[in-house]
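Residue numbers (this note's numbering), protein chains in the order written: chain A, -9 to 372; chain B, 56 to 316.
Below is the structure:
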């Protein structure tokens, strides 16, 4: 493995082909090594040149200063494969023993046939698309069903859920999320106030900024922004945890121990989120108002005016609708995260995909649910 | 790097790796101490010992993933942790490593996995890299599996694919961490044969961490025994000699699988 003498390695790699009664004699001259790979004849060039002689037997011989490593082996290997396909006799017995041994090892196992991907027509594509959409819906409904069954078992106190897990996840997605929720809520409140005051000023109705911010935060933005944050923070974490457990066969272990993964893993996560999200939502509402008030006081609306306007603009109903939304969102985020995790593949790449899917699905669910709830509220005149 | 002169004559530097007074710790926990042994050029060297004695940890120290708490490990006369970044890169280029769980990149196909070291260290063209990957895969008996992802092949095939990646650059030093873990006896034997064949034809030194007796006796030319209780090396030498002549009963019993040798 020590390179021969150093000056050898500078000899240029060349080859010569002599055809003689159906036998091509190929002489490999110089250093056929990776270090000088740019100067090495390429495998295709080698094969084409020898093929031009139309011989039924290729015999390789070492020429002057012949030295080799894997770069040479790669070329010989491809020649050997070419010969096998074309029924040409391939002889390297004159080359060093190491080359012979490696070629024997390399051609010991028949190559696996490459399966050409079948051409897919348009109709087939549509059919495949419909099939994957159906699978998507069935998987989702199946998972929701499993969660409902687990909840029923929980109500009759037969579910395999550890209270400790529940409190652990409450801690994870509650107190530790306060900072980011506070930051976003204040900023959203400020944005709403700016947006409103610019429009309302045209009518001299700046004082109604308070109504706009309060209603906007309490009915809509508080719940929605908290949910988006939690989808990115907690939903992704759930998917990554469960996906890694799937890759480690931990989920298999839980299942074969006779414990339902949905009860044991999904329930505590979902319930923790359901317990925490309404509180985070109210927290976000309050801080949104603070943000709005900050902007409003900078715009000729006094703080007391702002507070009194805010108090008359919302009722208990408005707060309840926001809080109810956040509970629905919590369930959806947990479902998106846990489903992506539990149905993840078993490799690190698959865990990454599961995490992405968790966040994307969660946000889609959130927006759809939000729209549906708003229509519902409107019909019910809430 | 490869080739004819594997018998290379009397080399002034016959020790590829020198382990000197090495102590290994995880935080406060002592793993092994007072390790002292050389690995000679051309050896198939086995690091053996019971589960949890620090075999894999020692390997991680040799390949520069962890730093010894005391002492030093010289590879080709150089201490990895005091070497310059350029030297470290040069050292790593000469190493081929397979990990306990394979360590294949799961988002890359087998051919792309083998291409990673080639892209990192060579100026190979795209075609050259593709051809080299095809050859290395054929060498480990995976011809035609170029476009498969690691998750699509069996555990034994993953081990062999990891070997193909490890030998992509014709390394002078091959490290194996539990190559036969999780393999059936036949696959494990095939892998052992492959290691021997590749070493014989390309030269180089092989360091294997294992507790598989079959492998140890089949391929090892030299070995060291790490003990989990005394937390140090108990014995050093070819395993067949240790089986009968070791002064330590633990070593003899280990090699005789608990029976009287």
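Virtual Cβ for every residue (Gly too), placed ideally from N, Cα, C.
In this text, all values refer to a predicted model and were calculated from it rather than measured experimentally.
The criterion of a C-beta distance shorter than 7 Å is satisfied by residue 73 (chain B) and residue 129 (chain B). Short of 8 Å from the beta carbon of residue 189 (chain B), and not among the five residues preceding or following it, lie these beta carbons of its own chain, in chain order: 166, 198 and 201.
For residue 190 (chain B), a Cβ of chain A is located within less than 7 Å of the residue's own Cβ. A residue is called buried when at least 16 other Cβ atoms come within 10 angstroms of its Cβ; residue 267 (chain B) meets this threshold and is buried.
Boundaries of the beta strand (DSSP E) harbouring residue 8 (chain A): 4 to 10, taken from the DSSP string. For the pair residue 238 (chain A) and residue 336 (chain A), the Cα-to-Cα distance works out to about 8 Å. Rounded to the nearest whole angstrom, the CA to CA distance from residue 271 (chain B) to residue 233 (chain B) is 11 Å. Under the rule that a run must span 3 or more residues, the beta strand (DSSP E) segments found entirely inside the segment 132 to 218 of chain B read 150 to 153.
Taking the C-beta atoms as reference points, residue 75 (chain B) is found nearer than 7 Å to residue 127 (chain B). Only buried fits residue 254 (chain A), as 16 or more other CB atoms lie within 10 angstroms of its CB.
A straight line joining the alpha-carbon of residue 304 (chain B) with that of residue 248 (chain A) spans about 44 Å.
Contact of residue 280 (chain B) with chain A by beta-carbon distance below 7 Å is absent, the smallest such distance being about 28 Å. Cβ proximity to chain A below 7 Å picks out 225 and 227 from the segment 222 to 238 of chain B. For residue 49 (chain A), the enclosing beta strand (DSSP E) starts and ends at 47 to 52.
Annotation: residue 248 (chain B) to residue 133 (chain A) spans about 48 Å, alpha carbon to alpha carbon. One Cα belongs to residue 98 (chain B), the other to residue 294 (chain B), and the distance between them is close to 13 Å. Residues of the segment 195 to 222 of chain B with a C-beta atom less than 9 Å from some C-beta of chain A are 195, 196, 197, 198, 199, 200, 201, 202, 203, 204, 205, 206 and 222, listed in chain order. Within the DSSP bridge table, the entry for residue 103 (chain B) names B:280 as partners. The beta carbon of residue 247 (chain B) does not come within 7 Å of any beta carbon belonging to chain A, so the residue lies off that interface.
For residue 242 (chain B), no chain A residue has a Cβ inside 7 Å of its Cβ, as the nearest lies near 13 Å away.
What residue 68 (chain A) touches in chain B, judged by beta-carbon distance under 8 Å, is 186, 189 and 190, going in chain order. Rounded to whole angstroms, the gap between the alpha carbons of residue 16 (chain A) and residue 218 (chain B) is 32 Å. Distance from the CA atom of residue 186 (chain B) to the CA atom of residue 22 (chain A), rounded to whole angstroms, is 15 Å.
Following the DSSP letters along the chain, one finds residue 82 (chain B) in no beta strand (DSSP E), marked with neither H nor E. Per DSSP, residue 156 (chain A) is one residue of the alpha helix (DSSP H) stretching across 153 to 163. Close CB contacts of residue 352 (chain A) within its chain, under the 6 Å cut and outside five residues either way in sequence, are with 221, 225, 323 and 326 (chain order). A direct Cα-Cα distance of roughly 13 Å separates residue 316 (chain A) from residue 361 (chain A).
A residue is called buried when at least 16 other Cβ atoms come within 10 angstroms of its Cβ; residue 282 (chain B) meets this threshold and is buried. The contact set of residue 185 (chain A) on chain B, defined by CB atoms closer than 7 Å, is empty, because the minimum CB distance reaches about 43 Å. Residue 228 (chain B) sits buried, since 16 or more C-beta atoms from the chains shown fall within 10 Å of its C-beta.
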